[in-house]
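To keep things clear, I will list the structure first and then write my remarks on it.
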Amino acid sequence: MNKPLKKIIIVGGGSAGWLTAGIIAAEHLVDDSSLEIILIESPDVPTVGVGEGTWPSMRNSLKKMGIKESDFLLACDASFKQGSKFSGWKNNNSQSDDNYYHPFSLPHGYNDINLAEFWQPFREQVSFANAVTTQSYICDLGLAPKQISTAQYSFNNNYGYHLDAGKFSQFLQQHCISKLGVKHVRDHVININSAENGDIASLTTKLTGDITGDLFIDCSGGASLLLGKHFNVPLVDKSSILFNNAAMALHLPYPEENSPISSHTLSTAQSAGWIWDIGLTSRRGVGHTYSSAHTDHDSAEKALRQYITPTVGKKLAESIAIKKIAVEPSHRKEFWHKNCVAVGMSAGFIEPLEASSLALVELSAKMISEQLPANRKIMDIIAKRFNDKFLRHWQKIIDFLKLHYVLSDRVDSSYWLDHRNPSSIPDSLQEQLNLWQYQSPYHYDNDSVDELFPSASMQYILYGMGFVTENIKNTKRINQSNLAEQLFKENAQRSQQLASILSSNRALIDKIEQFGLPKI
Amino acid sequence: MSTHALVNNIDHKDLKIITERSAEYGDNIWYSMTFPMEFRSIQAYYPIFFLKDANTGHFFSTAIFGFTEQENLFLVDKKWDAAYVPLSVQRQPFLIGVQNITEDGIQKQHRVLQIDLNNPKVNTSEGEALFLEFGGNTPYLDNAADVLETLHHGVEDDKVFVETLLEHNLLESFNLDVELNDRSKHQMIGFYTINEDKLKELSSDVLKSLHDKNYMQAIYMAIASQSNIRDLLNRKNRLMNL
């Protein structure tokens, strides 16, 4: 029990597996005597290959692994993502402007003042995002979040990435093996062997034989080989809250080599789901996620093909191949069981509305790495903390995603009506909604330091969707309205200023290809 | 828009170059590029810092002449008030062009002397002539060609130099805060300088390799050049009668 933890076995070679390997290996000295990390990847199992949007947290993950940002961008056909734009979510009325942004940058002066309170009286004149950040304006113009002279991983506006998931795993794999000392075993796991105490003692592989380990990380995707199949940790179904349980995806070429690359994910609401649209440097990735209880496969496919027709033409739109993905909106009852922890889809999956899956992988790997148990004796304590923390993360994600639906005024299908049925709304979310009628989300809405969604994100969704927070009489001694006015003015000035110095997303990527990004 | 033309004794036989230094003739620049081999001459008068090219994000070495855009504190009475004028300033209005030629069936590139015809120094009535009466080069033009040749090799070496500095984390950004005699404050941002803490930590192997490329001298020249900020400040105070 006091034997030091020395050998980590990761099962699965998708983004989750390699990202986990990389994050742990970047923090710990990996060699045969202190810590060994072995990633077993089955040559027979293809990776899902979706999950093409990241959060800004990915910048830090890559930086810590010692990756040059230009190398990553070019190898993964990656481009800059500055947030999401939601289209058709409010009322689907073509007469009104049914669009809003959830940008990655915080509102101007967010640590000093809650601008949302001061914006309320001007809600008809200017959108919330445009009033408090430059980013939505910059996204509308298709501009990049930084300049060629901005150091790698630094920015004018906060950003994450759009990337090719397949190429991303390949890229991480190469980096983990050549730079970080991770060992790669290409083999199929055929048996899981238990120790006396119920732990996993070893994995039997087809060609390599038995591989022993102290900690086993299950990154086997939806199959959940270790945590799900072996330990039978059950799934907690969330389909009564978030209905989308099916998805179909396709890859679209750009009409021309230098077609603009969008710097945000576009999420367009449909009658029984929504369509994502992600711009990489080489192609677009578009997909429809929907509720099979509210529509059928054929109608969903028709909606998807209809969506792409205006940009690629009828001929291609009707012939292009579609890949079907089944998803169960759920997560495991616990994630760390005995000496096994699940990361990625093996831990759970919820629709990609806010691209939270890779962010959860990063956060899980970070906690495993930073809290790496010294020995088996204390592992159960860390497992318990891990489970508590990630159950809370999942609950917050579910509440936050649900928030996008409950504020809609759409009445065109039962899907939207069902989403507003009180029985489908978690109590925790309902409670927040009650509160937000009288006060804007702010720092008190975040209760931990590594909260997935800052209160600013809640503001962007609420006020983007047209939610009204009543202005109660201001009884505070210090009047901040002068400061607010100044910040609104500064933001408008900075928007113009940035627009004049930033190049388009495509132009910046082309320059990076030519010159690279400076190290400092 | 600048118009670059290959210098030749037919089209340009009557051209003259004004050698006076003033804002009118485009000398109101607040910095100009330099390179390690020139550092010894530069550090006698100017601070040496590093800047990023806005077009490529790549670093280059610069000599500083002022504290804000268009401020060149060395322009005094239509002259350059320092015994050494950086080559990248001296070269105006000439520049190097690249020409593709085929020699014995092999594609080659060679450097040619070009002139920016839109440069205000270029005229036909006053200044230094480019060509002698019968078409031969004047010593002035020959000198310009030499300057450009030196500059070309200097720039190539500077690229290697800054890459080497970056590789060993020897560059750091800094904000220069200056206070004039009237207590007014100015801040220069976007400049980089030698990180002296990192320099002290270098291993003997790295020091040796820097020394072999003659970069140790350049590094110390750059550090020593910072004392010229005081001189710039004095010039600015004088200019403003402070």
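For the record, the sequence lines run as chains A and B.
Each residue of the first sequence is one higher than the one before, counting from 3 in the working numbering.
Each residue of the second sequence is one higher than the one before, counting from 1204 in the working numbering.
Don't be surprised by glycine CBs; every beta carbon is placed ideally from N, CA and C.
Note that the structure is a prediction, hence the values are computed from the model and not measured.
DSSP places residue 1355 of chain B in the uninterrupted alpha helix (DSSP H) bounded by 1342 to 1370. Assigned with DSSP and collapsed to three states, residue 78 of chain A falls in coil, not helix or strand. In the displayed model, residue 1378 of chain B falls within a strand according to three-state DSSP. By the C-beta density criterion, residue 329 of chain A is buried, having at least 16 other C-beta atoms within 10 angstroms.
When B:1407, B:1353, B:1397, B:1419 are compared, the shortest CA-CA separation from residue 1250 of chain B is found for B:1397.
One thing to note: residue 371 of chain A has its Cβ within 8 angstroms of the Cβ of residue 29 of chain A. Within the same chain, Cβ atoms closer than 8 angstroms to the Cβ of residue 8 of chain A are found at 36, 37, 38, 216, the five residues on either side in sequence being excluded. Annotation: the continuous alpha helix (DSSP H) that includes residue 62 of chain A extends over 59 to 66. Beta-bridge partners assigned by DSSP to residue 288 of chain A: A:252, A:279. Contact between the region 1333 to 1349 of chain B and the region 1359 to 1368 of chain B is absent, with fewer than three C-beta pairs closer than 8 angstroms. Between residue 14 of chain A and the set A:344, A:378, A:408, the nearest pair of CA atoms involves A:344. In terms of Cα proximity to residue 114 of chain A, the closest of A:510, A:501, A:444, A:236 is A:444. At a cut-off of 8 angstroms between beta carbons, residue 1285 of chain B makes no contact with chain A. Look at residue 212 of chain A here: in three-state DSSP terms it is strand.
As computed with DSSP, residue 39 of chain A is found in a beta bridge with A:10. Counting the other CB atoms within 10 Å of its CB gives residue 306 of chain A a total of 16 or more, which places it among the buried residues.
Residue 85 of chain A is not a Cβ neighbour of residue 264 of chain A, given a cutoff of 8 angstroms.
Residue 87 of chain A: member of the beta strand (DSSP E) spanning 85 to 89, first to last residue. The beta carbon of residue 387 of chain A is closer than 8 angstroms to those of 373 in its chain, skipping five residues each way along the sequence. The region 1219 to 1231 of chain B and the region 1270 to 1279 of chain B touch, with three or more beta-carbon pairs separated by less than 8 angstroms. The alpha-carbon separation between residue 120 of chain A and residue 489 of chain A amounts to approximately 11 angstroms.
Cβ neighbours of residue 100 of chain A within its own chain (closer than 8 angstroms, five residues either side excluded): 89, 90, 91, 92, 93, 94. Contact annotation for residue 147 of chain A against chain B: no contact, minimum CB-CB distance about 15 angstroms [criterion: below 9 angstroms]. Only exposed fits residue 451 of chain A, as fewer than 16 other CB atoms lie within 10 angstroms of its CB. Collapsing the DSSP output to three states places residue 342 of chain A in a strand. By the Cβ neighbour-count rule, residue 296 of chain A is buried, with 16 or more other Cβ atoms within 10 Å of its own.
In its chain, beyond the 5 residues on either side, 1440, 1445 have a beta carbon closer than 7 angstroms to the beta carbon of residue 1384 of chain B.
Residue pairing for residue 1319 of chain B: DSSP places it in a beta bridge opposite B:1207. Under DSSP, residue 206 of chain A takes part in a beta bridge, and its partners are A:193, A:212. Within the same chain, 361, 364 come within 6 angstroms of residue 59 of chain A by CB-CB distance, once the 5 residues on both sides are set aside. Contact between residue 347 of chain A and residue 18 of chain A holds, since their C-beta atoms are separated by about 7 angstroms, short of 8 angstroms. Of the candidates B:1297, B:1433, B:1428, B:1297 places its Cα closest to the Cα of residue 1206 of chain B. For a Cβ distance threshold of 9 angstroms, residue set 150, 151, 513, 517 of chain A lies close to residue 1258 of chain B, ordered along the chain. The Cβ-Cβ distance between residue 4 of chain A and residue 379 of chain A falls below 8 angstroms. Just so you know, the alpha carbons of residue 461 of chain A and residue 500 of chain A end up roughly 23 angstroms apart.
The beta carbon of residue 1255 of chain B sits closer than 8 angstroms to some beta carbon of chain A.
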